[in-house]
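Participant: Protein chains in written order, with the working numbering: chain A, 13 to 406; chain B, 5 to 415.
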Amino acid sequence: MALSYLRSSSSRSANLLRPLSSAASLRRPISTDTTPITIETSVPFTSHQCEAPSRSVETNPSELLTFFRDMALMRRMEIAADSLYKAKLIRGFCHLYDGQEAVAVGMEAAITKKDCIITAYRDHCTFVGRGGTLLEVFAELMGRQAGCSKGKGGSMHFYKKDSNFYGGHGIVGAQVPLGCGLAFAQKYSKDESVTFALYGDGAANQGQLFEALNISALWDLPAILVCENNHYGMGTAEWRAAKSPAYYKRGDYVPGLKVDGMDALAVKQACKFAKEHALKNGPIILEMDTYRYHGHSMSDPGSTYRTRDEISGVRQERDPIERVRKLILSHDLATEKELKDIEKEVRKEVDDAIAQAKESPMPEPSELFSNVYAKGLGAESFGADRKELRATLA
Amino acid sequence: MATGFHGVGAAVAALSSSPSNSFDSKKLLCSPRRSFPVRKGASFVADRSDGSVNLDLNPKARRAQQLIVNAVANKADSSPASSSSKPGHELLLFEALREGLEEEMDRDPRVCVMGEDVGHYGGSYKVTRGLAEKFGDLRVLDTPIAENSFTGMGIGAAMTGLRPVVEGMNMGFLLLAFNQISNNCGMLHYTSGGQFTIPIVIRGPGGVGRQLGAEHSQRLESYFQSIPGIQMVACSTPYNAKGLMKAAIRSENPVILFEHVLLYNLKERIPDEDYICNLEEAEMVRPGEHVTILTYSRMRYHVMQAAKTLVNKGYDPEVIDIRSLKPFDLHTIGNSVKKTHRVLIVEECMRTGGIGASLTAAITENFHDYLDTPIMCLSSQDVPTPYAGTLEEWTVVQPAQIVTAVEQLCK
């Protein structure tokens, strides 16, 4: 950001001599520039049982640059996780979110930290969007003490209670009833906030979703069910798993909206609309049309059920970061170089966090028995041989 | 003896003609009632028109019920726990549960109840009768028949700090919610590194009833016992029912409270003052010297009945109602084993993988040196509970078998 300062001040004197038409290149520092800009989403919204919101989204340079930075950070983080997994520092399951960053980032822009988000196992970026630090992410992925769940949860169990991020769940679809429970609690305490319960196109076929939707509609809960439709449930394409892949219509009596999930501004608009709707009229379904570049998880190459052309095609045409980059450049909000600098900065941040996370120690053996019960029951716990691991739970 | 039975009969008769029942029928008239929920009914006998719901009172069972009541009357006489210096008040077990629940809902506005027919209907076993009128629809919630999702919702609400009490109309139905109970309820405190506590109470009746059929006679404590992170308790008297209900609601851990279909109409005098029962403690029902009999829930009454016979024969059994099914109160149990050196476990779970199996292992591991003879475990047969009355009787442990077992242990 300092660079833009220098550039504008040095060019200001030169600009005074130029025709007024290029006075537009006089810029204030981008990070605090909040002059509203209106941008049209590339694809209109499709609605079911409701009126679609307008295609024109209000934003400002600061927000667009935040989008760019956050998405670049998330992208970098996921790529780094990929390398760490291949280096066997991350074990087990690792589900990467690259390609879908716009959903996490657009959603955050429309809501506050009082609203709750709950998602499934592809949760690294959502966690970061809720305010989680890179150190917490990498330490948890590597099973270290500095992780957000003290190393005991792993990739699929990220939580951040103080910013109302409820995880992080391994069983497909089970988080949706939990999310409706969060919405119930919000209605119970009357605090005018909403819950976003995210699930995938694979989970959309779970019965408990419809059960939860029925109860939410019945009790008018402020629940927003967001289907992150990346078109593949692990290796099964959506048309092979769902008779009706129009997930936004599946609510039947519950209104739905289909959104271009690769466009952060469209996501922001849809979430804003959904929040207003949910607070007044009860549940609504959002279907985010998005795409993941990686396979389902690190053990899935991702190319046996889809062609490489498809993946690179989406990357070229619809990549969320590129879209924001083009927007920023075309509106002259930053230069090519500044954006590259941001990416370099972000890369360094990620590398530093990884180094720091590697320093963090593994959990103590007694941690095996902590947090099983709240205020463990005054009992003694032993390992299997009754000699090794012992803990007295106070 | 006769008075005890009469008491229960009178109480039940009172139920059929009480004003609350006529209130109920008004409710029934206004709310659309679907046809009788046979899938989830108990052995309802009363006619539907007045809305009264009398449970397990077919004449055939009355004789057997008389036996259970005997044990209650005896126990009330001898146990210091249930009678206090103050006179107290008499009530039935389901009323004790309701009292506990109501007191906790009064005390803490975050306590709410969700389950099928708990609100307007008053609860299929009347445990929540009157609560919806008092606390409103947002605190006593009638859910659709969707155990998986409403248990999940209860857990989600508990993550934010609410304290829901989820009722399974019959414990067997909670099998549909097993994923939520195991993965989310039990494990979230651990996998979130301690960020979330799940102060939920999951309760409901289970156990073998009066010819309810295999699917409605399940003992879920054996399936749930391995889930790390939950606590399980089983109530058996009005006194400990109220106490355990209150303690479970106040606990920060998820607690599963097992009630028994046949014990809801037990009558006892309980103290007026506020009290709770320790969730992890076992109850000494009858101190003795010769043999330790460990039991819980309905089998306690079979054991007490057998105890009368044993006393007449000259034995002195020590009867402990373990109450806490997870974790076991090895302190109380251990002290007893060290005294008597013989253990008999009488449970209603099936032989394979039941609470008795785990308890046998736990006692053997910890107190092997104090045992004079191998532990004996009497459990239900490893069969689906048959419908026919005689077969059902043979499925569960009967007092005569307990007497024989003790005689064998003490040989």
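C-beta atoms are modelled at their ideal positions from N, C-alpha and C, and glycine is treated no differently. All figures in this text were calculated on a predicted structure; none of them were measured in a lab.
Taking only beta-carbon atoms, is tyrosine 5 of chain A less than 7 Å away from chain B?
Facilitator: The first residue shown for chain A is 13 and the last is 406, placing residue 5 of chain A beyond what the model contains.
Participant: Since I believe arginine 103 of chain A is in contact with serine 372 of chain A (beta carbons under 8 Å), could you give me their beta-carbon distance rounded to a whole number of angstroms?
Facilitator: Not a contact, Cβ separation roughly 16 Å.
Participant: From what residue to what residue does the alpha helix (DSSP H) around isoleucine 354 of chain A run?
Facilitator: 348-371
Participant: Beta carbon of aspartate 319 of chain A, beta carbon of glycine 273 of chain A: below 7 Å?
Facilitator: Going by the sequence as given, residue 319 of chain A is threonine instead of aspartate. In terms of Cβ geometry, threonine 319 of chain A and glycine 273 of chain A do not form a close pair [threshold 7 Å].
Participant: Assign serine 68 of chain A to buried or exposed, taking buried as 16 or more other Cβ atoms, counted over all protein chains shown, within 10 Å of its Cβ.
Facilitator: Around the Cβ of serine 68 of chain A, a 10 Å sphere holds fewer than 16 other Cβ atoms; the residue is exposed.
Participant: Going by alpha carbons, who is nearest to isoleucine 202 of chain B out of A:Lys173, A:Asp203 and A:Leu108?
Facilitator: A:Lys173
Participant: Identify the contact partners of isoleucine 159 of chain B in chain A, using a Cβ-Cβ distance below 7 Å as the criterion.
Facilitator: Leu190 and Gly193
Participant: Using a Cβ-Cβ distance cut-off of 7 Å, determine whether aspartate 203 of chain A contacts chain B.
Facilitator: Among the residues facing chain B, aspartate 203 of chain A is not included, as its CB has no counterpart in that chain under 7 Å away.
Participant: Leaving out the 5 sequence neighbours to the left and right, which residues in its chain are closer than 8 Å to glycine 217 of chain B when beta-carbon positions are compared?
Facilitator: Thr389 and Tyr391
Participant: Out of B:Thr132, B:Val170 and B:Thr195, point me to the one whose CA is closest to histidine 169 of chain A's CA.
Facilitator: B:Thr195
Participant: Quick one: Cα of asparagine 282 of chain B to Cα of leucine 97 of chain B, how far?
Facilitator: 18 Å
Participant: Cutting at 7 Å between CB atoms, please list the residues of its own chain near tyrosine 374 of chain B, excluding the five before and the five after it.
Facilitator: Val341, Lys342 and His345
Participant: If you scan the stretch 86-138 of chain A from start to end, which runs of the alpha helix (DSSP H) of 4 or more residues do you find wholly inside it?
Facilitator: Listed in chain order, the complete alpha helix (DSSP H) runs (minimum 4 residues) inside the stretch 86-138 of chain A are 113-122.
Participant: Given that glycine 165 of chain A touches chain B, what residues does it touch there, using C-beta distances under 7 Å?
Facilitator: Thr195, Ser196 and Gly197
Participant: Determine the closest residue to lysine 202 of chain A out of A:Ser175, A:Gly180, A:Ile227 and A:Asp232, with distance taken between C-alpha atoms.
Facilitator: A:Asp232
Participant: Does the count of Cβ pairs from the stretch 287-301 of chain A and the stretch 71-82 of chain A closer than 8 Å reach three?
Facilitator: By the criterion of at least three beta-carbon pairs nearer than 8 Å, the stretch 287-301 of chain A is not in contact with the stretch 71-82 of chain A.
Participant: For proline 375 of chain A, which of helix, strand or coil comes out of DSSP?
Facilitator: If DSSP states are grouped into helix, strand and coil, proline 375 of chain A belongs with coil.
Participant: Under DSSP, the beta strand (DSSP E) around leucine 382 of chain B begins and ends at which residues?
Facilitator: 380-384
Participant: Glutamine 309 of chain B lies in the alpha helix (DSSP H); which residues open and close that run?
Facilitator: 303-316
Participant: Starting from the Cα of isoleucine 159 of chain B, find the closest Cα among B:Met118, B:His124, B:Ala404 and B:Ile406 and give me that residue.
Facilitator: B:Met118
Participant: Could you name the residues of chain A that proline 148 of chain B contacts, counting a contact when the two beta carbons are closer than 9 Å?
Facilitator: The contacting residues are Glu223, Asn226, Ile227 and Leu230.
Participant: For the stretch 139-160 of chain A, which residues have a beta carbon sitting closer than 9 Å to at least one beta carbon of chain B?
Facilitator: Glu152, Gly159 and Cys160
Participant: Going by C-alpha distance, which of B:Thr364, B:Gln222 and B:Glu107 is nearest phenylalanine 139 of chain B?
Facilitator: B:Glu107
Participant: I need the straight-line Cα distance from tyrosine 319 of chain B to isoleucine 231 of chain B, nearest angstrom please.
Facilitator: 38 Å
Participant: Is the CB of isoleucine 132 of chain B under 7 Å away from at least one CB in chain A?
Facilitator: Looking at the sequence itself, residue 132 of chain B is threonine, so the reference to isoleucine does not match. Not closer than 7 Å to any Cβ of chain A, the Cβ of threonine 132 of chain B fails to qualify, so no.
Participant: At a CB-CB cut-off below 7 Å, which residues of chain B make contact with tyrosine 171 of chain A?
Facilitator: Simply Ser196, Gln199 and Phe200.
Participant: Select from A:Tyr260, A:Gly212, A:Ala367 and A:Phe285 the residue whose C-alpha is nearest the C-alpha of histidine 308 of chain A.
Facilitator: A:Gly212
Participant: Who are the near neighbours of aspartate 333 of chain B in its chain, counting only those whose CB is closer than 7 Å to its CB and skipping five residues on each side?
Facilitator: Glu284, Glu285, Ala286 and Ile326
Participant: What are the start and end residues of the beta strand (DSSP E) that includes cysteine 353 of chain B?
Facilitator: According to the DSSP assignment, cysteine 353 of chain B belongs to the beta strand (DSSP E) that extends over 347-354.
Participant: Return no unless some Cβ of chain A is closer than 7 Å to the Cβ of tyrosine 166 of chain B.
Facilitator: The amino acid at residue 166 of chain B is misidentified as tyrosine; the sequence shows leucine. At least one chain A Cβ lies under 7 Å of leucine 166 of chain B.
Participant: Per the contact definition of three or more C-beta pairs closer than 8 Å, is the stretch 113-129 of chain A in contact with the stretch 278-292 of chain A?
Facilitator: yes
Participant: For the stretch 161-196 of chain B, which segments carrying the alpha helix (DSSP H) assignment without a break, of at least 4 residues, lie completely within its bounds, in sequence order?
Facilitator: With a minimum length of 4 residues, the continuous alpha helix (DSSP H) runs that stay inside the stretch 161-196 of chain B are 192-195.
Participant: How would you list, in chain order, the residues of chain A whose beta-carbon sits under 7 Å from the beta-carbon of methionine 303 of chain B?
Facilitator: Ordered by position in chain A, no residue passes the 7 Å Cβ test against methionine 303 of chain B, which lies about 25 Å from the chain.
Participant: Give the range of the beta strand (DSSP E) segment to which arginine 273 of chain B is assigned.
Facilitator: 271-274 is the span of the beta strand (DSSP E), which, as asked, contains arginine 273 of chain B.
Participant: Can you give the Cα-Cα distance for leucine 380 of chain A and threonine 164 of chain B, rounded to whole angstroms?
Facilitator: 25 Å
Participant: For a quick check, are the C-beta atoms of leucine 266 of chain B and glycine 213 of chain B less than 7 Å apart?
Facilitator: yes
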